[in-house]
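Engineer: Here's a structure for you.
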Ligand SMILES: Cc1ncc(COP(=O)(O)O)c(C=O)c1O
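In our numbering, the protein residues as written are 39 to 424.
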């Protein structure tokens with residue numbers, strides 16, 4: 039049987055990982071500035087995480103949500119403490135798209151209205167409603183098309199006010215990434231997030247903070263949306279939550295009440311997933327990783343500003359992007375194949391940095407030196423051939 043060929047692949051097979059490094063099947067070591075797509079929060083194969091999962095595996099990996107699972111309550115308490123949202127409620131899932139799907143569905147159940155507001159360059163996942171609120175027609179199948187989504191320009195308060203003035207009676211929720219990831223590292227203005235809060239309150243709509251990529255400490259705060267100083271009604275979480283173990287969830291404000299049967303999932307909140315998620319939070323606390331992400335991020339951004347050739351350095355914490363001009367279009371490939379550094383990308387010309395929150399100062403220097411050298415090499419090759 040063949041694999042369904044949907045991923046454009048780098049010709050590399052990763053077989054081992056530790057901290058911020060991964061190794062291929064030829065023993066070549068790579069620095070992981072991509073965090074396996076923003077997933078690696080506490081570092082690859084962190085010993086505490088491995089031990090927690092191993093111990094749980096030897097007790098029980100899975101039993102369904104039809105019985106008590108005390109680990110879920112333990113996780114909720116820890117998450118409340120680390121995120122500062124102690125009065126919120128937790129519903130556990132397995133992927134980011136599922137978190138989006140359930141957040142928007144719950145909002146609509148709660149408010150009894152149909153329309154969602156989303157923003158230009160958004161990405162919220164690939165399942166039906168998640169892809170419908172994603173601003174990329176190329177990945178929306180005919181069956182996912184719905185008249186219920188209104189797209190507004192990102193960070194445009196006037197346009198959002200007009201949207202609510204025109205459709206406020208029908209709007210169930212507004213969904214926004216605190217820092218857009220796939221869209222190219224675009225930071226939501228604090229004023230804009232405050233405006234969303236005000237408009238949602240005025241028009242009885244739910245503010246959904248997509249924190250799948252920008253959450254879990256990556257921005258230097260637990261939720262990047264918190265920079266605005268207002269609370270969302272629902273936060274979605276995935277990627278960094280399990281450090282590679284598939285676990286996701288939504289945090290739900292206390293005024294949104296559950297009903298039996300309203301939401302459900304087979305795998306969400308299983309014992310093994312809870313153990314992985316607890317291990318992640320324990321390490322985040324123990325190693326002070328949210329503060330580390332903030333400091334390392336500031337250091338990287340400051341040094342990037344002194345590197346000639348790259349443009350528009352932006353982002354917060356360890357979610358950083360910059361534009362690569364046409365003359366350096368091969369920079370990402372060169373970093374990977376000649377300097378053995380993984381980075382992320384966003385179309386058409388953005389390099390995204392999403393390393394583990396536990397990356398060391400030495401490793402950030404290793405990356406920045408490689409970047410500088412790679413740029414110089416491309417420029418000198420161009421000069422020779424010109
Ligand atoms: C902001 C955001 N939301 C949702 C998703 C979907 O997550 P998943 O791929 O786990 O379904 C992603 C994935 O990249 C994301 O970046």
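Backbone N, C-alpha and C define an ideal beta-carbon position, used for all residues, glycine too.
The model shown is predicted, which means the values in this text are computed figures rather than measured ones.
Tell me the rounded alpha-carbon separation between residue 112 and residue 259.
Structural biologist: As a first step, residue 112 is located in the chain shown; it is residue number 74 there, counting from the start. As a first step, residue 259 is located in the chain shown; it is residue number 221 there, counting from the start. Rounded to whole angstroms, residue 112 to residue 259 spans 22 Å at the Cα level.
Engineer: Short check: CB of residue 155 to CB of residue 217, under 7 Å?
Structural biologist: On the chain shown, residue 155 is found 117 positions in, with the first residue counted as 1. On the chain shown, residue 217 is found 179 positions in, with the first residue counted as 1. No, Cβ-Cβ distance for residue 155 and residue 217 is not below 7 Å.
Engineer: Residues with a Cβ closer than 6 Å to any heavy atom of ligand 1, in chain order?
Structural biologist: With the cut-off at 6 Å, the residues found are 133, 134, 135, 138, 161, 162, 163, 215, 219, 220, 248, 250, 251, 276.
Engineer: If you draw a straight line from the C-alpha of residue 270 to the C-alpha of residue 291, how long is it?
Structural biologist: Start at 1 with the first residue of the chain shown, and residue 270 comes out as number 232. Start at 1 with the first residue of the chain shown, and residue 291 comes out as number 253. For residue 270 and residue 291, the gap between their C-alpha atoms comes out near 8 Å.
Engineer: Have a look at 182, 228, 149 and flag the residue whose alpha-carbon is nearest the alpha-carbon of residue 192.
Structural biologist: For the purposes of this step, residue 192 is taken as the residue at position 154 of the chain shown. Distances from the CA of residue 192 to each of 182, 228, 149 were compared; the closest alpha carbon is that of 228.
Engineer: By DSSP, does residue 375 sit in helix, in strand, or in coil?
Structural biologist: Along the chain shown, one-based indexing puts residue 375 at 337. If DSSP states are grouped into helix, strand and coil, residue 375 belongs with the helices.
Engineer: If distances are taken between C-alpha atoms only, which option among 175, 211, 170 comes closest to residue 153?
Structural biologist: Residue numbering aside, residue 153 sits at position 115 when the chain shown is read from its first letter. When only C-alpha atoms are compared, the closest one is 211.
Engineer: What's the gap between the Cα of residue 151 and the Cα of residue 243?
Structural biologist: Numbered from its first residue, the chain shown carries residue 151 at position 113. Numbered from its first residue, the chain shown carries residue 243 at position 205. Computed Cα separation, rounded: 8 Å.
Engineer: With DSSP run on the structure shown, which of helix, strand or coil describes residue 274?
Structural biologist: Here residue 274 refers to the residue found at position 236 when the chain shown is read from its first residue. If DSSP states are grouped into helix, strand and coil, residue 274 belongs with the strands.
Engineer: With C-beta atoms as the reference, is residue 117 less than 7 Å away from residue 312?
Structural biologist: Working through the chain shown from its first residue, we reach residue 117 at position 79. Working through the chain shown from its first residue, we reach residue 312 at position 274. Not a contact, by the Cβ cut-off of 7 Å.
Engineer: Pull up the distance between the alpha-carbon of residue 303 and that of residue 168, whole angstroms please.
Structural biologist: Taking the chain shown and counting its residues from 1, one reaches residue 303 at position 265. Taking the chain shown and counting its residues from 1, one reaches residue 168 at position 130. Residue 303 and residue 168: Cα-Cα distance of roughly 17 Å.
Engineer: Alpha carbon to alpha carbon, how far is residue 132 from residue 67? Give it in angstroms, no decimals.
Structural biologist: The count along the chain shown starts at 1 and reaches residue 67 at position 29. The count along the chain shown starts at 1 and reaches residue 132 at position 94. Near 30 Å, if we compare the C-alpha coordinates of residue 132 and residue 67.
Engineer: Within the same chain, show all residues whose beta-carbon is closer than 6 Å to that of residue 130, passing over the 5 residues directly before and after it, in chain order.
Structural biologist: What you label residue 130 is simply residue 92 of the chain shown in a count that begins at 1. Contacts found: 287, 306, 307.
Engineer: Indicate the three-state DSSP secondary structure (helix, strand or coil) for residue 251 in the structure shown.
Structural biologist: Counting from 1 along the chain shown, the entry for residue 251 is found at position 213. Note: residue 251 maps to coil in three-state DSSP.
Engineer: Pull up the DSSP beta-bridge partners for residue 380, would you.
Structural biologist: Residue mapping note: residue 380 aligns to position 342 of the chain shown, counting from 1. 70.
Engineer: Would you mind working out which of 172, 231, 299, 385 sits nearest residue 198, comparing C-alpha positions?
Structural biologist: Mapped onto the chain shown, residue 198 falls at position 160. Per the Cα distances, 231.
Engineer: Classify residue 322 as helix, strand or coil using the three-state DSSP reduction.
Structural biologist: In the chain shown, residue 322 corresponds to position 284, counting from 1. DSSP places residue 322 in helix when its eight states are reduced to three.
Engineer: Looking at the unbroken alpha helix (DSSP H) that takes in residue 391, where does it start and where does it end?
Structural biologist: Counting from one through the chain shown, the residue named residue 391 turns up at place 353. First-last for residue 391: 388 to 391, but that is the beta strand (DSSP E), not the alpha helix (DSSP H).
Engineer: Residues bridged to residue 361 by DSSP?
Structural biologist: Residue mapping note: residue 361 aligns to position 323 of the chain shown, counting from 1. DSSP lists 349, 388 as partners of residue 361.
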